[in-house]
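Below you'll find the structure, written out as structure tokens, and then a few comments.
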Amino acid sequence: MRRAGAGTRGAARTAGAPKRGPGLLAQLRNPPGGRDARIMLLALAVDRTGSGLWAASSVLYLTFVTHLSAQQIGVLLGTAGVAGIAGSPLAGRLAGRFPVRPLLIGCHLLRLVTLTLVLLCADFEALLPVIAVTYLGDRAAKTLEMLFATRAAGERRAAYQALSRSAANAGYGVGAGIAAIGLAIGTTDAYRALILGNALSFVVAAALVWRTGEPDGRTTEVARAVPVPGAAAPARPKGPWRDRGYLRFALLDIPMNLDDSVLGVGLPLWLVNRTSAPHALVPAFLVINTVLVVVLQLAVSRRAEGPRQAVRAVLLYGVLMFVSCALLAGATGGGTWAAATVLLAAAVLVTMAELMRSVSSWELAVLLAPPDERAAYLGVAGMSQSIQKSAGPPLLTGVVMAAGPAGWLALGVVVAGVAVVQQRCCGRRLRTAEAPAAERTRPAGAPAGGTA
Numbered sequence: 051m052r053r054a055g056a057g058t059r060g061a062a063r064t065a066g067a068p069k070r071g072p073g074l075l076a077q078l079r080n081p082p083g084g085r086d087a088r089i090m091l092l093a094l095a096v097d098r099t100g101s102g103l104w105a106a107s108s109v110l111y112l113t114f115v116t117h118l119s120a121q122q123i124g125v126l127l128g129t130a131g132v133a134g135i136a137g138s139p140l141a142g143r144l145a146g147r148f149p150v151r152p153l154l155i156g157c158h159l160l161r162l163v164t165l166t167l168v169l170l171c172a173d174f175e176a177l178l179p180v181i182a183v184t185y186l187g188d189r190a191a192k193t194l195e196m197l198f199a200t201r202a203a204g205e206r207r208a209a210y211q212a213l214s215r216s217a218a219n220a221g222y223g224v225g226a227g228i229a230a231i232g233l234a235i236g237t238t239d240a241y242r243a244l245i246l247g248n249a250l251s252f253v254v255a256a257a258l259v260w261r262t263g264e265p266d267g268r269t270t271e272v273a274r275a276v277p278v279p280g281a282a283a284p285a286r287p288k289g290p291w292r293d294r295g296y297l298r299f300a301l302l303d304i305p306m307n308l309d310d311s312v313l314g315v316g317l318p319l320w321l322v323n324r325t326s327a328p329h330a331l332v333p334a335f336l337v338i339n340t341v342l343v344v345v346l347q348l349a350v351s352r353r354a355e356g357p358r359q360a361v362r363a364v365l366l367y368g369v370l371m372f373v374s375c376a377l378l379a380g381a382t383g384g385g386t387w388a389a390a391t392v393l394l395a396a397a398v399l400v401t402m403a404e405l406m407r408s409v410s411s412w413e414l415a416v417l418l419a420p421p422d423e424r425a426a427y428l429g430v431a432g433m434s435q436s437i438q439k440s441a442g443p444p445l446l447t448g449v450v451m452a453a454g455p456a457g458w459l460a461l462g463v464v465v466a467g468v469a470v471v472q473q474r475c476c477g478r479r480l481r482t483a484e485a486p487a488a489e490r491t492r493p494a495g496a497p498a499g500g501t502a
């Protein structure tokens, strides 16, 4: 005979357990935002497939087809990265005045034109502005995709962000795989075909975006900002460039994106130059990252959805990055297999940090922005990732790695410290924003802090 109360306790445990929710494939079939969001996810996957082609083949194309020197390629890509920084605020400003959908189509078509010109240009002076505009359009497109998701998915934007990252990483992996075939052939025509494939991905992506409808989130967001009669009017937004609190968030978010450079630059170069681990391990870092993001991003997003969870994820990001940097610092002290094991563990932890950051950074960028100026604010927030992509690699190679293991430990301490500051600043701003919101929604005549 079953003991009395056992069923009740079991039910309580079940009620307290986190809900698993639908799986990745089910959510991709029916994402937050419905049909338009599903089409946009497909467009994003196609776009990132082209990005995978470009990332895997661009340096070799510039070397063997256009015959640029290593120094010229460095200047070319560095300048393009700086140009890309302007893409996010420009897209945010335009999205505040014009619909997102045609702007995104325009970004895809702009990159189609510039990538076609890359195939026609043969010298450094001609390629410099062409690739710079390509990178500007790339960053602008990413910001517009974020705005589309914010408006289409509404309160479930964190789930949409997880799905978009899974779709993007899957597309990127497919593109890199296709590029490997072309690079194995190694002819000039094969290199040109890979660049052309990237250009054609923009045609398909633009056609898919054309099939969507303009997300109607702006009206809802503005309506939420309207105060009830008798309540104090909310402070009028000053714009992102005059909002010190939001600029502080965007500034602190730059080092909070360093996981990207650690994975793509720090890990491979540290393995090659300072450890005895086999060089064949380098591709495994990208494989680990791609697989974990596709498989785990949705589950992580459920634990970082909402203000409190997003703020908590910031601190967890700092912890994961500190441990990752400590592992890299210790990878030089062992033999071949010990170093390989430590570096693989670091790759896993850096990827877990990326999963936390990708959800919390976007969620906080949305929550901290005034609803009726969200486009302009998100454009400023999008600059953080662009700046890190330009400043992160030289920081790692010129400062962190030059200092040896101590450099990695110092980097881990700095990032963890920034995470603590970011958590406190965001928490304070969110609490300040919640107080007047609670007053506006309190029924008339109800005492402050009491119940109706």
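Everything in the sequence shown is counted per the working numbering, starting at 51 for the first residue and increasing by one. No residue lacks a Cβ here, since even glycine has one placed at the ideal position from N, Cα and C.
With 16 other Cβ atoms within 10 Å as the buried cut-off, status of residue i
i       : result
Asn-80  : exposed
Trp-104 : buried
Lys-192 : buried
Trp-387 : exposed
Trp-458 : buried
Leu-154 : buried
Thr-482 : exposed
Ala-488 : Summary for Ala-488: the model assigns pLDDT 46, below 50, so the residue's position carries little reliability, and this model does not support an answer.
Pro-290 : buried
Ser-440 : buried
Phe-148 : exposed
Val-450 : buried
Leu-313 : buried
Glu-195 : buried
Asn-323 : exposed
Ile-235 : exposed
Ala-426 : buried
Thr-238 : exposed
Val-276 : Because Val-276 carries a pLDDT of 39, less than 50, the predicted location of this residue cannot be relied on, and the following value inherits that uncertainty. Exposed, since its Cβ has fewer than 16 Cβ neighbours within 10 Å.
Pro-328 : exposed
His-117 : exposed
Ala-389 : buried
Val-470 : exposed
Ser-251 : buried
Pro-139 : buried
Ala-453 : exposed
Gly-368 : buried
Gly-280 : Note that Gly-280 scores a pLDDT of 44, beneath 50, so its modelled location is shaky; the value from the coordinates is reported in the next line. Gly-280 is exposed by the Cβ-count criterion.
Arg-161 : buried
C-beta contact flag for residue i and residue j at 8 Å
i       : j       : result
Arg-215 : Pro-265 : no
Leu-308 : Gln-438 : yes
Leu-405 : Leu-346 : yes
Val-168 : Leu-197 : no
Gln-211 : Ser-436 : no
Ala-209 : Ser-434 : no
Ala-226 : Leu-94  : no
Gly-221 : Gly-187 : no
Val-115 : Arg-207 : no
Arg-332 : Pro-443 : Reading off the sequence shown, one finds Val at residue 332, where the question assumed Arg. No; because the gap between Cβ atoms is not below 8 Å, this pair is not in contact.
Ala-133 : Ala-190 : no
Ile-338 : Ala-376 : no
Gln-472 : Leu-366 : no
Val-224 : Thr-99  : yes
Phe-372 : Ala-230 : no
Ser-107 : Leu-233 : yes
Asp-86  : Thr-262 : yes
Leu-394 : Leu-321 : no
Leu-370 : Ala-349 : no
Closer than 7 Å: residue i CB and nearest the ligand ZN heavy atom
i       : result
Gly-429 : The ligand ZN is not part of the structure shown, which contains no ligands of any sort.
Q.
Which complete alpha helix (DSSP H) runs does the segment 305-352 hold, if anything under 4 residues is left out?
A. Listed in chain order, they are 317-324 and 332-352.
Q) Hey, is the segment 112-126 in contact with the segment 284-303, meaning 3+ C-beta pairs nearer than 8 Å? A) Counting Cβ pairs under 8 Å, fewer than three are found: no touch.
Q. Curious, which full-length alpha helix (DSSP H) runs of at least 4 residues does the segment 405-466 contain?
A. DSSP runs (the alpha helix (DSSP H)) wholly in the segment 405-466: 424-431 and 433-445.
Q) In chain order, which continuous runs of the alpha helix (DSSP H) of length 4 or greater are located wholly inside the segment 130-185? A) Within the segment 130-185, the complete alpha helix (DSSP H) runs of at least 4 residues are 137-145 and 150-170.
**Q.** the segment 294-308 in contact with the segment 422-430 per 3-pair CB rule at 8 Å
**A.** Inter-segment contact for the segment 294-308 and the segment 422-430 is present: three or more beta-carbon pairs are separated by less than 8 Å.
Q | Inter-stretch contact at 8 Å, needing at least 3 Cβ pairs: the segment 409-425 / the segment 353-360 | A | Touching, per the Cβ criterion.
Q: Would you check if the segment 362-380 and the segment 415-424 touch, i.e. whether three or more CB-CB distances between them fall below 8 Å?
A: They do not touch, by the three-pair rule.
Q) Do the segment 253-265 and the segment 166-180 touch if we need at least three Cβ pairs shorter than 8 Å? A) The segment 253-265 makes no contact with the segment 166-180: fewer than 3 CB pairs, one atom from each, lie closer than 8 Å.
(Q) To test your reading of the DSSP string, which unbroken alpha helix (DSSP H) runs of 4 or more residues are found completely within the segment 193-245? (A) If we require 4 residues or more, the alpha helix (DSSP H) runs fully inside the segment 193-245 come out as 207-235.
Q.
Ignoring anything shorter than 3 residues, give me the beta strand (DSSP E) runs that lie fully in the segment 97-132, in order along the chain.
A. Those beta strand (DSSP E) runs which fall completely within the segment 97-132 and span 3+ residues do not exist here.
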